[in-house]
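Enquirer: Next up is a structure, given as structure tokens.
In the UniProt record's numbering, the protein residues as written are 1 to 572.
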């Protein structure tokens, strides 16, 4: 017989490896080469236009710096005390600015001069732009004058004027201030010199990825600007895809992006592509052969296994795997499967026996709940009250008894709230006070945070009943104390339940029997034994019950806190 490991290796090599190599190599090789070339070309264009813009910005700053320091008009403007002279000198300076802008600095949108001593402000624009409204220009003047008066920085920074987003640099010399404003929409870009639909687009955005230029184009083509360090990424809608390269500019907190329309060009088949094509044909030829081998050795055995499992699920519990397999692992699986079926049959018998035991324990629990003597006594007392005509007391006792019985009937659950358990205890003790000539007194103290904590039903009530049954004395009034508190130990929380009475307490010979951790108690202690067994089943070794004498019988139960059942609202 052949091992499944060797068969899988052979079939993987015959079927998957050539197919994966052919398809992945062909696609990744072609796409990676195309994308790399396109991105590299875009990066070169980005660097070129980035240098052009940087040179223009540096030349503009150098020009203003030189004019601010060495120009005679600037020196005269700095010391004149006549507004008319300031105005005329400003005209000369604006004329120089216009000549500078006409020298090929398309990106320079406006230049301004401000004489602080005469409060004279003049501005000139590069070219008339019909798209710029009078309101935009007025807003630009106001914002620009405010920027100058605030002694704006020399470094290029973003500047908002109406609907236009610009770059500005300001320079100051005593009373004279110069400002140059750059509109990136007018900066040199490939779209200005090419009309081809496959041309690239140079775009500027702020540091948060919001476009500054070509906003209509970006919105129309659903272009998303991503702030990432990858060499390139793709964006756009289904009809218009773009490959994007970008870089951060060292000024203005700007990002420069180049968007190249992305189409899958057709390349002539070279040697590598021809090899990959032949490899794909070889995969197509080997695929049926590999499939037949896999079907014989793997698919059919698995189908037989599934068929047998379905028949067993439908009720045929006597079904076994009988087919002979050529693969060693399938033969071992058949033997294991048949052995598992035999074990399941044995477990069914064992589970049935355990179910009978569980039903017997539940019946015992229900029998304990009935408490015929207690109910008979209550009925006798009700009869006596009826005969004596004490109707008010009779009505009250009926209501308390019904409330007590309602709580007992509800306690067929595995766990109940501490609050519900305490209600049953109070009802029971109130019935005793109505029935007995020397009724017991009681004190109940419950931590408010534990009122919704889950505990086994009748876990406290059983011991309260024992106190009433065995603790009553003729010359001494019985006092029963119940306390429920929260304990913390080793980063774990526990519920501490204490039931203490003022009766004669436990006899010395019964205490060791009650405190033993295993074994059943005698018939007269069946209620205590029932509580101990249920606590053991629910909590295992995490809970304990301690019996002792302390001026009477004392029972302490330590139970683990059930998460989510502590009322945090009680803490300050």
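Quick reminder that beta carbons are idealized off the backbone N, C-alpha and C, glycines included.
Confirm the yes/no value for this check: CB of residue 161, any heavy atom of the ligand GTP, distance under 7 Å.
Expert: Inclusion of the ligand GTP in the displayed structure is not the case, the ligand content being empty and no account of it being possible.
Enquirer: Are the CB atoms of residue 460 and residue 425 nearer to each other than 8 Å?
Expert: Walking along the chain shown from the start, residue 460 turns up at place 460. Walking along the chain shown from the start, residue 425 turns up at place 425. For residue 460 and residue 425, yes; Cβs fall inside 8 Å.
Enquirer: On the DSSP bridge assignment, give the partners of residue 501 in chain order.
Expert: Looking up residue 501 in the chain shown gives position 501. Bridge partners of residue 501: 480.
Enquirer: Which residues in the same chain have their Cβ closer than 7 Å to the Cβ of residue 553, if we skip the five residues on either side of it in sequence?
Expert: Your numbering for residue 553 matches position 553 in the chain shown. Only 467, 471, 501, 503, 505 and 506 meet the Cβ criterion.
Enquirer: Assuming residue 498 and residue 556 are in contact, meaning their beta carbons sit under 8 Å apart, how far apart are those beta carbons, in whole angstroms?
Expert: The residue labelled residue 498 in the question sits at position 498 within the chain shown. The residue labelled residue 556 in the question sits at position 556 within the chain shown. Indeed, because the Cβ distance is near 5 Å, the residues count as touching under 8 Å.
Enquirer: Any idea what DSSP makes of residue 85, helix, strand or coil?
Expert: Your numbering for residue 85 matches position 85 in the chain shown. Residue 85 falls in the helix class under three-state DSSP.
Enquirer: Residue 573 and residue 179: beta carbons closer than 8 Å?
Expert: Residue 573 falls outside the range modelled here, since the chain spans only 1 to 572, and no answer is possible.
Enquirer: Kindly provide the ranges of any beta strand (DSSP E) runs that are 3 or more residues long and lie completely inside the stretch 125–151, ordered along the chain.
Expert: None, since the stretch 125–151 contains no complete beta strand (DSSP E) of that length.
Enquirer: From the DSSP output, which residues share a beta bridge with residue 258?
Expert: Taking the chain shown and counting its residues from 1, the one referred to as residue 258 is at position 258. DSSP output for residue 258 lists 202 and 245 as bridge partner(s).
Enquirer: Please classify residue 91 as buried or exposed, where buried requires at least 16 neighbouring CB atoms within 10 angstroms.
Expert: Locating residue 91 in the chain shown gives position 91, counting from the first residue. Burial call: exposed.
Enquirer: Using DSSP with H/G/I as helix, E/B as strand and the rest coil, what is residue 462?
Expert: One-based indexing of the chain shown puts residue 462 at position 462. Residue 462 falls in the helix class under three-state DSSP.
Enquirer: Quick check on the burial criterion: 16 or more other C-beta atoms within 10 angstroms. Buried or exposed for residue 306?
Expert: Your numbering for residue 306 matches position 306 in the chain shown. Result: exposed.
Enquirer: Just the Cα atoms here: how many angstroms apart are residue 233 and residue 213?
Expert: What you label residue 233 is simply residue 233 of the chain shown in a count that begins at 1. What you label residue 213 is simply residue 213 of the chain shown in a count that begins at 1. Cα-Cα distance, rounded: 20 Å.
Enquirer: Given this structure, state the Cα-to-Cα distance separating residue 400 from residue 394, to the nearest angstrom.
Expert: Locating residue 400 in the chain shown gives position 400, where the first residue counts as 1. Locating residue 394 in the chain shown gives position 394, where the first residue counts as 1. Approximately 10 Å, taken between the alpha carbons.
Enquirer: Out of curiosity, what's the CA-to-CA distance linking residue 75 and residue 94?
Expert: On the chain shown, position 75 is the one that residue 75 refers to. On the chain shown, position 94 is the one that residue 94 refers to. Their Cα atoms are separated by approximately 15 Å.
Enquirer: Using the Cα positions of residue 108 and residue 246, report the straight-line distance between them to the nearest angstrom.
Expert: In the chain shown, residue 108 corresponds to position 108, counting from 1. In the chain shown, residue 246 corresponds to position 246, counting from 1. Near 23 Å, if we compare the C-alpha coordinates of residue 246 and residue 108.
Enquirer: Can you tell me which of the three DSSP states residue 548 falls into?
Expert: On the chain shown, position 548 is the one that residue 548 refers to. In the structure shown, residue 548 sits in a strand (DSSP, three-state: E or B).
Enquirer: Looking at the secondary structure, which residues open and close the alpha helix (DSSP H) in which residue 165 lies?
Expert: Position 165 of the chain shown, counted from the start, is the residue given in the question as residue 165. No alpha helix (DSSP H) contains residue 165, which is instead part of the beta strand (DSSP E) from 164–173.
Enquirer: Applying the 10 Å Cβ sphere with the 16-neighbour rule, what's the burial state of residue 404?
Expert: Numbered from its first residue, the chain shown carries residue 404 at position 404. Classification of residue 404: buried, given that the 10 Å Cβ count is 16 or more.
Enquirer: Taking the continuous alpha helix (DSSP H) assigned at residue 216, which residues delimit it?
Expert: If you number the chain shown from 1, residue 216 lands on position 216. Where residue 216 is concerned, the enclosing alpha helix (DSSP H) stretches over 215–220.
Enquirer: Per DSSP, what kind of secondary structure is residue 417 in: helix, strand or coil?
Expert: By one-based count along the chain shown, residue 417 stands at place 417. Of the three classes helix, strand and coil, the one that applies to residue 417 here is strand, per DSSP.
Enquirer: Exposed or buried, which one is residue 389 when buried takes at least 16 other CB atoms within 10 Å?
Expert: Looking up residue 389 in the chain shown gives position 389. Result: exposed.
Enquirer: Answer with buried or exposed for residue 126, where buried requires no fewer than 16 other C-beta atoms within 10 angstroms of its C-beta.
Expert: The count along the chain shown starts at 1 and reaches residue 126 at position 126. Flag for residue 126 reads buried.
Enquirer: Write down the C-beta distance between residue 485 and residue 496 rounded to the nearest angstrom, noting that I regard them as a contact closer than 8 Å.
Expert: Counted from its first residue, the chain shown places residue 485 at position 485. Counted from its first residue, the chain shown places residue 496 at position 496. With 8 Å as the limit, residue 485 and residue 496 qualify as a contact, their Cβ atoms being about 5 Å apart.
Enquirer: Could you compute how far the alpha carbon of residue 182 sits from the alpha carbon of residue 167?
Expert: Taking the first residue of the chain shown as 1, we reach residue 182 at position 182. Taking the first residue of the chain shown as 1, we reach residue 167 at position 167. Each residue's Cα considered, the two are about 5 Å apart.
Enquirer: Does DSSP put residue 159 in a helix, a strand or coil?
Expert: The residue you call residue 159 lines up with position 159 of the chain shown. Of the three classes helix, strand and coil, the one that applies to residue 159 here is strand, per DSSP.
Enquirer: Looking only at C-alpha atoms, which of 289, 327, 288 and 341 sits nearest to residue 309?
Expert: Translated into the one-based positions of the chain shown, residue 309 becomes position 309. Taking only the C-alpha atoms, the option nearest residue 309 is 341.
Enquirer: Is the stretch 278–297 close to the stretch 200–214, with three or more CB pairs under 8 Å?
Expert: Contact fails: fewer than three Cβ-Cβ distances are below 8 Å.
Enquirer: Based on the DSSP secondary-structure assignment, which residues constitute the bridge partners of residue 177?
Expert: Translated into positions along the chain shown, residue 177 becomes position 177. DSSP, once it has assigned bridges, lists 114 and 172 as partnering residue 177.
Enquirer: In whole angstroms, what separates the C-alpha of residue 105 from that of residue 254?
Expert: Position 105 of the chain shown, counting from 1, holds the residue named residue 105. Position 254 of the chain shown, counting from 1, holds the residue named residue 254. Roughly 20 Å between the two C-alpha positions.
Enquirer: Which partner residues does residue 454 have in the DSSP bridge list?
Expert: The residue labelled residue 454 in the question sits at position 454 within the chain shown. Answer by DSSP bridge pairing, in chain order: 417.
Enquirer: What does the alpha-carbon distance come out to for the pair residue 61 and residue 221?
Expert: The count along the chain shown starts at 1 and reaches residue 61 at position 61. The count along the chain shown starts at 1 and reaches residue 221 at position 221. For residue 61 and residue 221, the distance between alpha carbons rounds to 36 Å.
Enquirer: Could you give the distance in angstroms between the alpha-carbon of residue 98 and the alpha-carbon of residue 240?
Expert: Position 98 of the chain shown, counting from 1, holds the residue named residue 98. Position 240 of the chain shown, counting from 1, holds the residue named residue 240. Roughly 41 Å between the two C-alpha positions.
Enquirer: Does residue 86 pass the burial test, meaning 16 or more other C-beta atoms within 10 Å, or should it be called exposed?
Expert: Along the chain shown, one-based indexing puts residue 86 at 86. By the neighbour-count rule (16 or more Cβ atoms within 10 Å), residue 86 is buried.
Enquirer: Report back the beta-carbon spacing between residue 252 and residue 158 to the nearest angstrom; my notes put them in contact at under 8 Å.
Expert: Along the chain shown, one-based indexing puts residue 252 at 252. Along the chain shown, one-based indexing puts residue 158 at 158. Sure, about 6 Å apart at Cβ, within 8 Å.
Enquirer: Hey, residue 201 and residue 259: beta-carbon distance below 8 Å or not?
Expert: Here the question's residue 201 lines up with position 201 in the chain shown. Here the question's residue 259 lines up with position 259 in the chain shown. A contact, by the Cβ cut-off of 8 Å.
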